[in-house]
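One structure is given below, encoded as structure tokens.
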Amino acid sequence: MKNNLLTLLGLMLACFLIGCQQNTDEVPSSIITPELAQSSGKDSFLSKINDLVSSSDVQNQIAEPLGDVHFEYLTYFESDSKAHVALLPIYTESSKMLDGLLVVVQDRNFQLQIKLLTRGLMYNYKVLDGYSPPLYVLASIFTSYDQMLFENNSTTVEEIIGWPNNDQPIASRKSIEIETDVSNVKLGWVEIRTCEFEINYAWDGEGNYLGSDIAGQVCSYEYLWESTAGAPILLDQGGSGGGNGSYVPRRIEDHIDDSKLKPCLQAVLADVKGLTKGVSHMINKFAGLNQGYNWEMVDARLAQGTGETSSVYNSATGTVTSKFDAQNWKNATDISWARTILHESVHAYLVAFYNTNRQAFLGTYPQMVNDWATYSNWNRVHHEEFSRSLTQDIADALQEFGTNKGYGNLSRQFYEDMAWAGLQGTTAFDKLPPSDQQRILDTNSIELTKSDLNGTAKSQKGNGAGC
Amino acid sequence: MEQLNHKKVTEPGVDKLIVFFKAACLLLAMSLNSCFSTVKQDFYLTNNNGGYTLKSTFGSTYPETDSILVFGYTRDVETNAPLMSSTVQFYCDTSLSEEKGYYELRIKKGLDVDSYFTAVSLGYKRVETTILNTAGLDSLRIDFFLEKDTTPIFHCNQ
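Heads up: the protein sequence lines correspond to chains A and B, in order.
First residue of the first sequence: 9, per the numbering used here; consecutive thereafter.
First residue of the second sequence: -6, per the numbering used here; consecutive thereafter.
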């Protein structure tokens, strides 16, 4: 009896394994080498992909420099719609970001365009030795003008939610659903993106329309598929496929409550919010996954320093609070405050991430786990991580801030020095040459207090923030 | 307090045998204090609102010939949630707790050493036991209860 049962289980296991293998083979693909690609006349296509993945468009989409492009692992096939389709694994430099699937399509004008479908989604998942899971570029090229690889259907529903006395709408709530059908390339799945947001309309006193402003946009993604072979893999669900999945991206800048901040810092924050390399960009790059949080910024008198972030996360409201002492630093420049805001925003992100998903946090930041065993306090552990991986990103954001403010002649060195503020005493800082340390401390002291560390008055690079 | 939980499936006849054996063992323990003797189980508060429980045993429950099994769980003192990836340390020996907060350490038997155990977990205050002498023990269960570190993240200098 026991033997029969074991035999049956063995057979079931074998069938299961064979079934899995067959499912994988159902993808009409073949591995082609660059040499084969050239000999088969597809070299121009591959060359275009190569150009594209190293272009600034792609770099901006994935928010992290790409690592090696592995053409030897490219999977190529012709789809039902007679389009050429290629799946190409690419890696980020840090190999830690799992950001999704870049879809590259050639439009009717033969221009390659890219589209980031979502985070945590991959098709035909592979892992190379020594690498974490790659991003995939799905590229396609059409054989004729009139065949669209992806068909987009959108539905828009708009509901007026506010009327003034003269019957002109002042606000509406809009919902847009876009369905992208990719089933006709044998990928067999459909992406449905649903975005909801509010629009505020402005009118003058005579009923003339002045413009509109979009607020609070939230999008969710859903994926539907039928066959196992075509199922994308949702990494957020442990690497397994399923019926559907969703992801709600958030832009942190849209979830900041600065009502308790001094007007001088509200003004600096407004400029920081407008940066393309600002808070969200920096955190996406730093973290790979943006968990999102509501950030409350308040004015306060602090025992030390310009800013302080609570390590307590308000789970009821999803809020992290940071305090800023504008009164004690009346000579601080706008650049100095912008740096403090950027710096504290990452503290807030880490606090939210840790408190909403400790397990994922432990997996994402193993070095912080080790550091905690040594230092056992958030202060040091956060700043050790900052000094390892954040100074260049803060410098990038500050440089954009400075350029926008008209400080175009400031050196990169200045912005990098500013980015080191608050990181004194970290392992990385202590490894800097003493002369660099001194320059960094002086630079930050001057922008903060108008004098260097010796107390000698110095001219500042930025404008006073007016606090 | 949570006990190690091993589910056993036995035939009815075996159950009766086990009950009989346990009863015999209990009687023997009462008279000889040797079959399975728990000598201590208390909750010790530490000065940072955390704490730990100790349960030490002599006898042959864990028949290691040359090592003492130190095991237990690391948990959040407020919610009792398990704390994975906590480091429990005794001298230079460390153990990392798994998903359910469980850890195991094996330390050499027969040493006459006085030292303390520490539990460290990301985001929590460190808990240290008092100095413990492990001489003569066969096993030692220490469950650590740690309090969240809610100290704000500040900057001492600019």
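We treat Cβ as the ideally placed atom computed from N, Cα and C, and that holds for glycine.
Q) Considering only residues of the same chain and omitting the five flanking positions on each side of B:A74, which have a CB-CB separation below 7 Å? A) As a position in the second sequence, residue 74 of chain B is number 81, starting the count at 1. Correct list, in chain order: R68.
Euclidean distance between Cα positions of A:V328 and A:G474: Here the question's residue 328 of chain A lines up with position 320 in the first sequence. Here the question's residue 474 of chain A lines up with position 466 in the first sequence. About 26 Å.
From which residue to which residue does the alpha helix (DSSP H) around A:A403 run?
For the purposes of this step, residue 403 of chain A is taken as the residue at position 395 of the first sequence. Here the alpha helix (DSSP H) through A:A403 covers 399 to 412.
*Quick one: what's B:Q82 bridged to in DSSP?*
As a first step, residue 82 of chain B is located in the second sequence; it is residue number 89 there, counting from the start. DSSP, once it has assigned bridges, lists B:T87, B:T111 as partnering B:Q82.
* **A:M305 (DSSP reduced to helix, strand or coil)** => For the purposes of this step, residue 305 of chain A is identified with residue 297 of the first sequence, where counting begins at 1. A:M305 falls in the strand class under three-state DSSP.
Whether or not the region 391 to 404 of chain A and the region 423 to 441 of chain A are in contact is what I'm after, with contact meaning three or more pairs of Cβ atoms, one per stretch, closer than 8 Å; do they touch?
yes
Hey, A:L418 and A:G410 are a contact pair by Cβ (cut 8 Å); roughly how many whole angstroms apart?
Residue mapping note: residue 418 of chain A aligns to position 410 of the first sequence, counting from 1. Residue mapping note: residue 410 of chain A aligns to position 402 of the first sequence, counting from 1. Indeed they touch by this definition, with Cβ atoms about 5 Å apart.
Item checked: Candidates A:I186, A:M305, A:E206, A:G213, of which the one nearest A:I200 by Cα -> Counted from its first residue, the first sequence places residue 200 of chain A at position 192. Residue A:I186 is the option with its Cα nearest to A:I200.
Checking 7 Å against the spacing of the C-beta atoms, do B:T80 and A:A381 come in under that value?
Counting from one through the second sequence, the residue named residue 80 of chain B turns up at place 87. Counting from one through the first sequence, the residue named residue 381 of chain A turns up at place 373. Contact check for B:T80 against A:A381 passes: the beta carbons are separated by less than 7 Å.
Q. What residues from chain A crowd round B:P75, counting only those whose CB sits closer than 7 Å?
A. As a first step, residue 75 of chain B is located in the second sequence; it is residue number 82 there, counting from the start. Within chain A, no residue comes near B:P75; the closest Cβ sits about 10 Å away, beyond 7 Å.
* Return the Cβ separation of B:L62 and B:S132 in integer angstroms, given the expectation that the two are a contact with Cβ distance under 8 Å. => For the purposes of this step, residue 62 of chain B is taken as the residue at position 69 of the second sequence. For the purposes of this step, residue 132 of chain B is taken as the residue at position 139 of the second sequence. Their Cβ separation, rounded to whole angstroms, is 4 Å, which keeps B:L62 and B:S132 in contact under 8 Å.
Which residue's Cα is closest to the Cα of B:N41: B:T111, B:H148, B:E140?
To locate residue 41 of chain B, count along the second sequence from 1; it is residue 48. Looking at the Cα atoms, B:E140 is the closest of the given residues.
*Would you say A:V320 reaches chain B, if we count a Cβ-Cβ gap shorter than 7 Å as a contact?*
Position 312 of the first sequence, counted from the first residue, corresponds to residue 320 of chain A. Closer than 7 Å: yes.
Review point. Going along chain A in order, which residues have a C-beta closer than 7 Å to the C-beta of B:I146?
Key: Here residue 146 of chain B is taken as the residue at index 153 of the second sequence, counted from 1. Ordered by position in chain A, the residues that pass the 7 Å Cβ test against B:I146 are E316, T317, S319, H355, W386, N387, H390.
> At a Cβ threshold of 7 Å, is B:L115 touching chain A?
Replying inline: Position 122 of the second sequence, counting from 1, holds the residue named residue 115 of chain B. B:L115 counts as touching chain A.
- Query: Alpha carbon to alpha carbon, how far is A:T32 from A:G371?
  - Reply: Your numbering for residue 32 of chain A matches position 24 in the first sequence. Your numbering for residue 371 of chain A matches position 363 in the first sequence. Its pLDDT being 26, under 50, A:T32 is placed unreliably in this model, and the value from its coordinates should be taken loosely. One C-alpha to the other measures close to 29 Å.
task: Return no unless some Cβ of chain B is closer than 7 Å to the Cβ of A:G470.
output: Walking along the first sequence from the start, residue 470 of chain A turns up at place 462. For A:G470, the nearest beta carbon of chain B is not closer than 7 Å to its own beta carbon.
inquiry  = Quick check on DSSP: helix, strand or coil for A:D178?
reply    = For the purposes of this step, residue 178 of chain A is identified with residue 170 of the first sequence, where counting begins at 1. In the sequence under discussion, the amino acid at residue 178 of chain A is Ile, which differs from the Asp named in the question. In the structure shown, A:I178 sits in coil (DSSP, three-state: anything other than H, G, I, E or B).
* Could you tell me the boundaries of the beta strand (DSSP E) in which B:S132 lies? => Here residue 132 of chain B refers to the residue found at position 139 of the second sequence. Its beta strand (DSSP E) spans residues 132 to 139.
Cα separation between A:S267 and A:E304? Here the question's residue 267 of chain A lines up with position 259 in the first sequence. Here the question's residue 304 of chain A lines up with position 296 in the first sequence. About 8 Å.
Q: Check whether the Cβ atoms of A:W337 and A:V276 sit closer than 7 Å, and answer yes or no.
A: By one-based count along the first sequence, residue 337 of chain A stands at place 329. By one-based count along the first sequence, residue 276 of chain A stands at place 268. Not closer than 7 Å, so no.
Quiz item: Counting contacts by CB-CB distance shorter than 7 Å, is A:C475 in contact with chain B?
Solution: Your numbering for residue 475 of chain A matches position 467 in the first sequence. Closer than 7 Å: no.
- Answer with yes or no whether the minimum CB distance from A:G512 to chain B is below 7 Å. Beyond the ends of chain A as shown, which are 9 and 475, falls residue 512 of chain A; an answer cannot be given.
Cβ pair count under 8 Å reaching 3, the region 97 to 105 of chain B against the region 115 to 124 of chain B: no
Review point. Going along chain A, which residues have a C-beta under 7 Å from B:S90?
Key: Residue numbering aside, residue 90 of chain B sits at position 97 when the second sequence is read from its first letter. Those within 7 Å of B:S90 in chain A number zero; the least Cβ separation is about 11 Å.
- Can you find a C-beta in chain B that's less than 7 Å from the C-beta of A:G463? On the first sequence, residue 463 of chain A is found 455 positions in, with the first residue counted as 1. Chain B contact via Cβ: absent.
message = I want to know whether the region 315 to 327 of chain A touches the region 450 to 458 of chain A - three or more CB-CB distances under 8 Å.
response = no
Identify the contact partners of B:D86 in chain A, using a Cβ-Cβ distance below 9 Å as the criterion.
-> Within the second sequence, residue 86 of chain B is the residue found at index 93, counting from 1. Here the premise fails: no neighbours, minimum Cβ distance about 14 Å.
Does the distance from the CB of A:P460 to the CB of A:K466 come in under 7 Å? Here residue 460 of chain A refers to the residue found at position 452 when the first sequence is read from its first residue. Here residue 466 of chain A refers to the residue found at position 458 when the first sequence is read from its first residue. Residue identity differs from the one stated: residue 460 of chain A is Asp in this sequence, not Pro. Yes, these two residues count as a Cβ contact at 7 Å.
Notebook entry, point to check: If we ignore side chains and look at the alpha-carbon of each, how far apart do A:Y321 and B:G103 end up?
Noted result: By 1-based counting over the first sequence, the position of residue 321 of chain A is 313. By 1-based counting over the second sequence, the position of residue 103 of chain B is 110. Distance between the alpha carbons of A:Y321 and B:G103 is about 47 Å.
* For B:T39, collect the residues of the same chain with a Cβ closer than 6 Å to its Cβ; drop the 5 residues on either side in sequence, then sort them by chain order. => On the second sequence, position 46 is the one that residue 39 of chain B refers to. Excluding sequence neighbours, B:T39 sits near V120.
Once you ignore the five residues that flank A:S323 on each side, which residues in its own chain have a CB closer than 8 Å to its CB? Locating residue 323 of chain A in the first sequence gives position 315, where the first residue counts as 1. The residues are N363, T364.
For A:D450 and A:D404, I'd like the C-alpha separation in whole angstroms.
For this step, residue 450 of chain A is matched to residue 442 along the first sequence. For this step, residue 404 of chain A is matched to residue 396 along the first sequence. Near 20 Å, if we compare the C-alpha coordinates of A:D404 and A:D450.
query = DSSP puts A:E214 in a beta bridge; with which residues?
reply = Here residue 214 of chain A refers to the residue found at position 206 when the first sequence is read from its first residue. In DSSP, A:E214 forms no bridge with anything.
If you check the beta carbons only, do A:H390 and B:I146 fall under 7 Å apart?
Residue 390 of chain A sits at position 382 when you count from the first residue of the first sequence. Residue 146 of chain B sits at position 153 when you count from the first residue of the second sequence. Their beta carbons are under 7 Å apart, which means A:H390 touches B:I146 by this criterion.
Interface residues of chain A facing B:S78 [CB-CB closer than 7 Å]:
For the purposes of this step, residue 78 of chain B is taken as the residue at position 85 of the second sequence. Per Cβ cutoff of 7 Å: L370, V377.
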